[in-house]
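A.B. asks:
Protein chains in written order, with my numbering: chain A, 73 to 184; chain B, 237 to 351.
Put into structure tokens, the structure is as follows:
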């Protein structure tokens, strides 16, 4: 069983829609949760960073973490064609290791 | 400020050959990571350097892979001899502070194809 599960999509939405992306995980030791955005032929770029449970908002993006359900979400409001990319969730434990555990990524296409 | 750079961007080699990938982290970043994504799978951790020391190499698949970071600046990842299953995209990332809010900045990756 993978430590992090993420629906690979693809997910296609019209411009202006609200997008919901999700990951589930099995390791209760994860404390730090991240969302990366990756454009084609580029490296992953950090979008949102959340510690433990709760919500974090940054412009059109909101990240939610529910540790009791081992479930994290990324919401994109007023989606734009420029948001079309692969979205990767990543997480790590606190302590000695900083290695990130990634989901497989969800491919998002926002249609103009 | 320049980001993480990787060279080459693409490499096509035959099974049994040797390939060396290079990563230049962001200047001043002591932490350097190697990750790999094989086709259809998630990005997986390979190893973590702090300066020139290997902090965590638990993700290295086998002894055909050798990573070095002489002088604590750039890093190389050598695959010798390469096998078909080594094909994938190799990412390097660097960070300044390994504390609780560490941000790892990724390079564009090296696409390796072993034929």
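We put the CB at the ideal spot given by N, CA and C, even for glycine.
(1) Find the residues of chain A that neighbour residue 312 of chain B, judging by a C-beta separation of less than 9 Å, and give them in chain order.
(2) Between residue 75 of chain A and residue 100 of chain A, which are expected to be in contact by the criterion C-beta below 8 Å, what is the C-beta distance as a whole number of angstroms?
(3) Looking only at its own chain, which residues have a Cβ that is under 7 Å from the Cβ of residue 297 of chain B, when we skip the five neighbours before and after it?
(4) Find the nearest neighbour of residue 395 of chain B within the set B/278, B/305, B/261, B/300, judged by alpha-carbon distance.
(5) Counting only Cβ pairs nearer than 9 Å, list the residues of chain A close to residue 344 of chain B.
(6) Tell me whether residue 322 of chain B is buried or exposed, calling it buried when 16 or more other Cβ atoms sit within 10 Å of its Cβ.
(7) What are the uninterrupted segments assigned as beta strand (DSSP E) that are 3 or more residues long and contained completely in the stretch 83-133 of chain A, given in chain order?
(8) Between B/241, B/246, B/279, which lies nearest to residue 349 of chain B when the distance is taken from Cα to Cα?
(9) Please state whether DSSP places residue 252 of chain B in a helix, a strand or coil.
(10) Grab me the residues of residue 103 of chain A's own chain with a C-beta within less than 7 Å of its C-beta, minus the 5 sequence neighbours each way, in chain order.
(11) Using a Cβ-Cβ cut-off of 7 Å (strictly less than) and excluding sequence neighbours within five positions of residue 289 of chain B, which residues of its own chain qualify?
(12) So, is the C-beta of residue 175 of chain A closer than 8 Å to a C-beta in chain B?
(13) Does any residue of chain A have a CB that is nearer than 8 Å to the CB of residue 319 of chain B?
(14) Less than 8 Å separating the beta-carbons of residue 174 of chain A and residue 279 of chain B?
(15) Excluding the five sequence neighbours on either side, which residues of its own chain have a C-beta within less than 8 Å of the C-beta of residue 80 of chain A, listed in chain order?
(16) Where residue 316 of chain B and residue 324 of chain B are concerned, what is the direct C-alpha to C-alpha distance, given to the nearest angstrom?
(17) How long is the line joining the alpha carbons of residue 133 of chain A and residue 156 of chain A, rounded to whole angstroms?
(18) Which residue's Cα is closest to the Cα of residue 145 of chain A: A/115, A/89, A/161?
(19) Could you work out which residues of chain A lie near residue 327 of chain B, taking near to mean beta carbons separated by less than 7 Å?
(20) Take residue 252 of chain B as the anchor and find which of B/314, B/287, B/265, B/277 has the nearest alpha-carbon.
(21) If you measure from the beta carbon of residue 169 of chain A to each beta carbon in chain B, is any gap under 8 Å?
(22) Using a 10 Å radius around the Cβ and a threshold of 16 neighbouring Cβ atoms, would you call residue 170 of chain A buried or exposed?
(23) Identify each residue in the stretch 281-294 of chain B for which the Cβ-Cβ distance to at least one residue of chain A is less than 7 Å, and report them in chain order.
(24) Check whether the Cβ of residue 119 of chain A lies closer than 8 Å to any Cβ atom in chain B.
C.D. replies: This is what the structure holds:
(1) Within chain A, no residue comes near residue 312 of chain B; the closest Cβ sits about 18 Å away, beyond 9 Å.
(2) 11 Å between Cβ atoms; not a contact.
(3) none
(4) Nothing about residue 395 of chain B can be reported from this structure: the residues present for chain B run from 237 to 351 only.
(5) 113, 114, 115
(6) buried
(7) 83-86, 91-97, 102-110, 117-123, 126-130
(8) B/246
(9) coil
(10) 123, 124, 165, 166
(11) none
(12) yes
(13) no
(14) yes
(15) 176, 177, 178, 179
(16) 15 Å
(17) 14 Å
(18) A/161
(19) 115
(20) B/314
(21) yes
(22) buried
(23) 281, 284, 292
(24) no
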